[in-house]
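In what follows, a single structure is set out as structure tokens and then discussed.
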Amino acid sequence: MRTGWSDGPEYVTQCPVRPGQSYRYRFTVAGQEGTLWWHAHSSWLRATVYGALLIRPRHGSSYPFHAQPTRELAPILLGEWWDMNPVDVVRAATRTGAAPNISDALTVNGQPGDLYKCSSQDTAVFPVKSGETNLLRFINAALNTELFVSLAGHNMTVVGADASYTKPYITSLLLLAPGQTTDVLVTFDQPPGRYYLAARAYASAQGVPFDNTTTTAIFDYGAASSSPAMPTLPAYNDTATATAFTTSLLGLLKAELPSCVDDSLFFTVGVGLFNCSKGQQCGGPNGTRFAASINNVSFVLPSSSSILQAHYNGAANGVFTADFPANPPVQFDYTAHNVSRALWQPVPATKVYKLKYGSAVQVVLQGTNIFAGENHPIHIHGYDFYVLAEGFGNFDAGSDTANFNLDDPPMRNTVGVPVNGWAVIRFVADNPGVWLMHCHLDVHITWGLAMAFLVDDGVGELQSLEAPPPDLPLCLLQSPYDISS
Numbered sequence: 001m002r003t004g005w006s007d008g009p010e011y012v013t014q015c016p017v018r019p020g021q022s023y024r025y026r027f028t029v030a031g032q033e034g035t036l037w038w039h040a041h042s043s044w045l046r047a048t049v050y051g052a053l054l055i056r057p058r059h060g061s062s063y064p065f066h067a068q069p070t071r072e073l074a075p076i077l078l079g080e081w082w083d084m085n086p087v088d089v090v091r092a093a094t095r096t097g098a099a100p101n102i103s104d105a106l107t108v109n110g111q112p113g114d115l116y117k118c119s120s121q122d123t124a125v126f127p128v129k130s131g132e133t134n135l136l137r138f139i140n141a142a143l144n145t146e147l148f149v150s151l152a153g154h155n156m157t158v159v160g161a162d163a164s165y166t167k168p169y170i171t172s173l174l175l176l177a178p179g180q181t182t183d184v185l186v187t188f189d190q191p192p193g194r195y196y197l198a199a200r201a202y203a204s205a206q207g208v209p210f211d212n213t214t215t216t217a218i219f220d221y222g223a224a225s226s227s228p229a230m231p232t233l234p235a236y237n238d239t240a241t242a243t244a245f246t247t248s249l250l251g252l253l254k255a256e257l258p259s260c261v262d263d264s265l266f267f268t269v270g271v272g273l274f275n276c277s278k279g280q281q282c283g284g285p286n287g288t289r290f291a292a293s294i295n296n297v298s299f300v301l302p303s304s305s306s307i308l309q310a311h312y313n314g315a316a317n318g319v320f321t322a323d324f325p326a327n328p329p330v331q332f333d334y335t336a337h338n339v340s341r342a343l344w345q346p347v348p349a350t351k352v353y354k355l356k357y358g359s360a361v362q363v364v365l366q367g368t369n370i371f372a373g374e375n376h377p378i379h380i381h382g383y384d385f386y387v388l389a390e391g392f393g394n395f396d397a398g399s400d401t402a403n404f405n406l407d408d409p410p411m412r413n414t415v416g417v418p419v420n421g422w423a424v425i426r427f428v429a430d431n432p433g434v435w436l437m438h439c440h441l442d443v444h445i446t447w448g449l450a451m452a453f454l455v456d457d458g459v460g461e462l463q464s465l466e467a468p469p470p471d472l473p474l475c476l477l478q479s480p481y482d483i484s485s
């Protein structure tokens, strides 16, 4: 809280840490237990620059589980790997306006696993003991791939997501979007042997290329000579299974929801296309460049200052404007089979939406079928939020509001907006600063599927943003990782 200078997105809360220089991140963890993670937020550096943050119960306290785990295994970080520098991958795509190359492999703790020709000797192995119940922490650190995950022969009891506890939910399958974490309990009660943990893509967009490989790790009871059993994973486009998982997650405790909403927002999210300007390379469909937007605004990162620095210094002019629309500029059938091409081109801009300190905020996140409908994992920096409901088609306040879960909705920091559907979230704006909201598919944030909330200071020091630290990186004219260069 109040430590937005350590949030990290380049040109939003800080300028990039220069090669050879350093910056110490200082932040407060309040009201969270479970699994979070840290990662780079400049270009595509987070393809390899990431790690786990584990928040355990206070000393003397225990987990709120019926059965306490015998032990905790090493965190399981799911990732992606390119056979080239990932910054070069996105630079090439940005120059041409085309979609970037898909990854060459998926990984578990940095290793692709036995199903790839080059890596079986380095497959991640987790030793387990018969009869033990272990706590497993999953993190999807992949750039662009939502993942189905399963452990052969074993059920998993979900007990937490995004550092918030959930009601226990027994399942043989997990779904994690990039940015999401999930904590599970597993009792190793199967015949001694070796069992594959496997993960592969959930790819909801029709006709869009994706990494269709499968990564594996091995859970080993000590039977090193046996051939591992393989789990059955859903088809890559099995939206019904994905939905069954996300809608089964419930908060462990009764939600502390505000009784009324101060800011009721309706945000459309989706992919579009820019018409090319003279002299531009146009590698997108039919001589266009790929774009993405929220409420038809395609987010542009500033370059001379971060938004937070400009706001703090009272120098917003030329950096950002505070007129992000609360509703889409044009209402239409957002999930129609053929959305008019007149609606395909967003407006590039750097806009924020201002919130008063303490405001109760509700956001309807409406997916669109412009170019291609897709499940969009939407993440908000600086906040957890309650997921009140999700559904398919166009959100209808008249009928869908009645189905909101106001009792025990899950609390998350990243929510998957269903393909050609919607999700509704609610939070209280009690953390002053500038907070980026974006799609956690990095190809989409590269195209502009982002915006920022500017939360004003409240009353007094404890409701106000701290002063910037003395080692905050200075802004120069160009990021060393500028994807336009």
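Residues in the sequence shown are numbered consecutively from 1, following the UniProt record's numbering. The beta-carbon is built from N, C-alpha and C at its ideal position, and this holds for glycine as well. Being a predicted model, the structure only gives us computed values, none of them experimental.
Using DSSP's beta-bridge definition, name the partner residues of residue 320.
Paired residues: none, contrary to the question.
Does the distance from the CB of residue 289 to the CB of residue 299 come in under 8 Å?
no
Using CA atoms only, rank isn't needed, just tell me which of 413, 384, 365 and 173 is closest to residue 394.
365
Within 8 Å, do at least three Cβ pairs link the region 273-287 to the region 435-445?
no
Given residue 489, which residues of its chain have a CB within under 6 Å of its CB, disregarding the five upstream and five downstream residues?
With the chain covering 1 to 485 only, the question about residue 489 has no answer from this structure.
Inspect the beta-carbon positions of residue 272 and residue 291 and report whether they are closer than 8 Å.
yes
Alpha-carbon spacing of residue 225 relative to residue 420, whole angstroms
47 Å
Determine contact between the region 156-170 and the region 23-34, defined as no fewer than three beta-carbon pairs at a distance below 8 Å.
yes
What is the DSSP secondary structure of residue 483, reduced to helix, strand or coil?
Reliability fails at residue 483, whose pLDDT of 46 lies under 50, so the model's placement of it is uncertain and the value that follows must be treated cautiously. Reduced to three states, the DSSP call for residue 483 is coil.
Report the three-state DSSP secondary structure of residue 239 (helix, strand or coil).
helix
Between the beta-carbon of residue 383 and the beta-carbon of residue 431, is there less than 8 Å?
yes
Spell out a yes or no on whether the region 100-114 and the region 199-218 are touching, meaning 3 or more CB-CB pairs, one atom from each, closer than 8 Å.
yes
Write down the C-beta distance between residue 19 and residue 41 rounded to the nearest angstrom, noting that I regard them as a contact closer than 8 Å.
Not confirmed; about 16 Å, so no contact.
So the beta strand (DSSP E) residue 444 belongs to, where does it begin and stop?
Premise fails: residue 444 lies in the alpha helix (DSSP H), 442-447, not in any beta strand (DSSP E).
For residue 61, which residues from the same chain have a beta carbon less than 6 Å from its beta carbon, with the 5 sequence-adjacent residues on both sides left out?
none
Output the distance between the C-alpha atoms of residue 309 and residue 91, rounded to the nearest integer angstrom.
26 Å
Other residues of its chain near residue 484: CB distance less than 7 Å, five sequence neighbours each side excluded:
Below a pLDDT of 50, predicted positions are generally treated as unreliable, and residue 484, at 45, falls in that range; the measurement from the model is reported next regardless. So the list reads 94, once near-sequence residues are dropped.
Within the chosen definition, does the region 340-357 reach the region 311-331 through at least 3 CB pairs nearer than 8 Å?
yes
According to the Cβ coordinates, are residue 4 and residue 358 closer than 8 Å?
no
Beta-carbon gap between residue 107 and residue 81 smaller than 8 Å
yes
Have a look at residue 377 and residue 415 and give me their C-alpha separation to the nearest angstrom.
5 Å
Bridge partners for residue 354 per DSSP, in chain order?
454
Using the rule of at least 16 other Cβ atoms within 10 Å of the residue's Cβ for burial, across every protein chain shown, is residue 194 buried or exposed?
buried
Give the DSSP-derived three-state secondary structure of residue 286 in the structure shown.
coil
Same chain, Cβ closer than 6 Å to residue 362, neighbours up to 5 away in sequence not counted
261, 264 and 426
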